[in-house]
Structures are given as structure tokens and as C-alpha cells.
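Take a look at the structure below.
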Amino acid sequence: LAKTTQPISMDSYEGQEVNITCSHNNIATNDYITWYQQFPSQGPRFIIQGYKTKVTNEVASLFIPADRKSSTLSLPRVSLSDTAVYYCLVGDGAAGNKLTFGGGTRVLVKP
Amino acid sequence: NAGVTQTPKFRVLKTGQSMTLLCAQDMNHEYMYWYRQDPGMGLRLIHYSVGEGTTAKGEVPDGYNVSRLKKQNFLLGLESAAPSQTSVYFCATTGVAGYTFGSGTRLTVV
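Protein chains in written order, with our numbering: chain P, 730 to 840; chain E, 2 to 111.
Okay, here's the thing in C-alpha cells:
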């Protein structure tokens with residue numbers, strides 16, 4: 730399983746864009762990159778998944794360079810409710826893949 | 002649309018006691034998992050199942066047992082609880098939309 734490295738914490742302010750970069754140098758050809766969000770006292774929640782280039786949904790964007798050794802989750806115009814831990818995971822995307830959760834990035838959005 | 006339901010939500014055990022955590026899913030998924038999360042840490046896989054009647058060890062299986070007698074249920078057992086097993090336990094399933102997690106069980110062993 731590919732190991733991921735991401736910052737431990739980030740602070741931001743309401744209305745700003747938050748970008749979290751995750752390194753995954755030994756990503757395999759079949760691996761997808763998936764981001765999850767976890768609020769206190771809740772289980773992680775799927776945000777976005779991508780394989781290459783850019784993926785966008787109603788919540789976030791995911792940017793993946795051509796070499797796929799890193800990825801950046803972009804949260805546009807964050808609000809206080811975006812304060813959470815964000816996890817970057819790499820795996821082959823198949824149902825049943827045992828994804829490994831690292832420590833995640835703790836994002837604090839301030840007023 | 003319940004998704005993944007865990008019971009109980011909270012429990013306090015004395016060292017040496019046993020208990021079973023129940024996970025139920027209504028998503029008809031084959032794959033189910035049990036994770037534990039310690040304060041300020043990521044999730045660590047305890048055991049998982051790829052289908053009814055099957056189980057396998059994850060990253061931290063010692064001190065836990067599991068059973069998957071029915072497709073919709075995945076049970077996590079602690080035969081003799083230890084303070085080191087104080088944690089929040091999450092059950093999850095996977096499908097085409099990625100992982101779906103339950104709301105967790107907060108277990109304290111004193």
C-alpha cells in the first residue's frame with residue numbers, strides 16, 4: 730500500500746481557499762487518490778476521488794500532476810463548518826481495498 | 002437510509018470484562034471493516050471481511066475477534082478488555098462510492 734505524507738495541521742480564515750498537499754511517491758499504476766473528511770465524534774466521510782489531472786465536485790477540487798506523486802485537495806471559500814481532519818488515501822479503488830489512514834491534516838477555520 | 006449502524010455508542014468496561022460491538026449495514030456491501038482510532042491519531046484496521054462467513058486480520062488484530070455470520074452484520078468481540086483498548090471504534094463498508102463509516106463506539110476500559 731502506498732504511503733502518504735501530509736501536513737499535520739493548517740489554519741485558515743472564513744472565505745479563504747484551503748489547499749492541502751499530499752505526497753505519495755510510491756503510488757502504483759492502479760492506485761486512485763481519495764480524500765476523506767472527519768468531524769469530531771464522527772466517522773470519516775468521502776469527499777473526492779481522482780486518478781489524474783483534475784477532478785471537481787460540489788465540495789472540493791482535486792489536482793493531480795502528471796507524475797501522480799502528489800495531489801492537492803482544494804476547498805474553496807471555507808466556512809467554520811469545514812473545520813475537520815482531512816485524510817489522503819491511496820489505493821487501487823476497488824471495493825474491499827484496505828485503505829490505510831495516516832494521521833491526516835487538521836484544518837482549523839477561524840472567523 | 003441508515004447506511005452503517007453501530008451499537009452501542011458508548012460503553013465503559015472494567016479490565017478483564019468482555020463485550021461485543023455490533024455493526025449493521027443495509028447497503029448490501031460485501032466488504033466490512035473494523036477500525037480503531039486513538040485520540041489525535043488516524044484510523045488503524047483491526048479486522049475485515051470480504052463476505053459472509055469470511056474474516057481476516059488487519060494491522061492491529063491482537064485482543065480482538067470478529068464474526069460475519071450474516072452479510073449485513075459484522076461483530077467485533079473483546080474477550081478480556083484491557084486499558085490499551087480504550088478507543089473509538091469505527092465500522093465501515095465499501096462500495097463503488099468508497100467507504101461508508103458508522104458513527105463510532107466510544108469504549109473506555111478502566
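Beta carbons: idealized from backbone N, C-alpha and C, even for Gly.
Annotation for E:V13: T109 place their beta carbon closer than 6 Å to its own, counting only its chain and skipping 5 residues before and after.
Secondary structure note for E:S88: its beta strand (DSSP E) is the uninterrupted segment S88 to G96.
Taking E:K10 as the centre and dropping the five residues before and after it, the same chain places the C-beta of S104, G105, T106 and R107 closer than 8 Å to its C-beta, in chain order.
By the Cβ test, the stretch 761-781 of chain P is in contact with the stretch 85-105 of chain E, since at least three Cβ pairs between them sit closer than 8 Å.
At a cut-off of 8 Å, the C-beta of P:L828 has a neighbouring C-beta in chain E.
Of the candidates P:G832, P:K783, P:T782 and P:T763, P:T763 places its Cα closest to the Cα of P:I776. No residue range can be given for E:M42, since it is assigned to no beta strand (DSSP E) and is classified by DSSP as neither H nor E.
Taken in chain order, the members of the stretch 766-791 of chain P whose beta-carbon sits within less than 8 Å of a beta-carbon on chain E are S770, Q771, G772, P773, R774, F775 and Q778.
Within a 10 Å sphere around the beta-carbon of E:G17 sit fewer than 16 other beta-carbons, which makes this residue exposed. Close CB contacts of P:F792 within its chain, under the 7 Å cut and outside five residues either way in sequence, are with K783, S800, T801 and S803 (chain order). Setting aside the 5 residues that flank it on each side, E:S68 is surrounded in the same chain by L76, each with a C-beta closer than 6 Å to its C-beta; the list follows chain order. Residue contact check for P:Y816 against chain E: a CB pair falls below 8 Å.
Between E:A98 and chain P, the shortest Cβ-Cβ separation is below 8 Å. For the stretch 22-47 of chain E, residues whose beta-carbon sits nearer than 9 Å to a beta-carbon of chain P comprise H30, E31, Y32, Y34, Y36, Q38, G41, M42, G43, L44, R45 and L46. Here P:D760 carries a coil assignment [DSSP, helix/strand/coil]. Judged by their CB atoms, P:A813 and P:V836 are nearer to each other than the 8 Å cut-off. As computed with DSSP, P:D740 is found in a beta bridge with P:L837.
DSSP places P:L809 within a helical segment (H, G or I) once states are collapsed to three.
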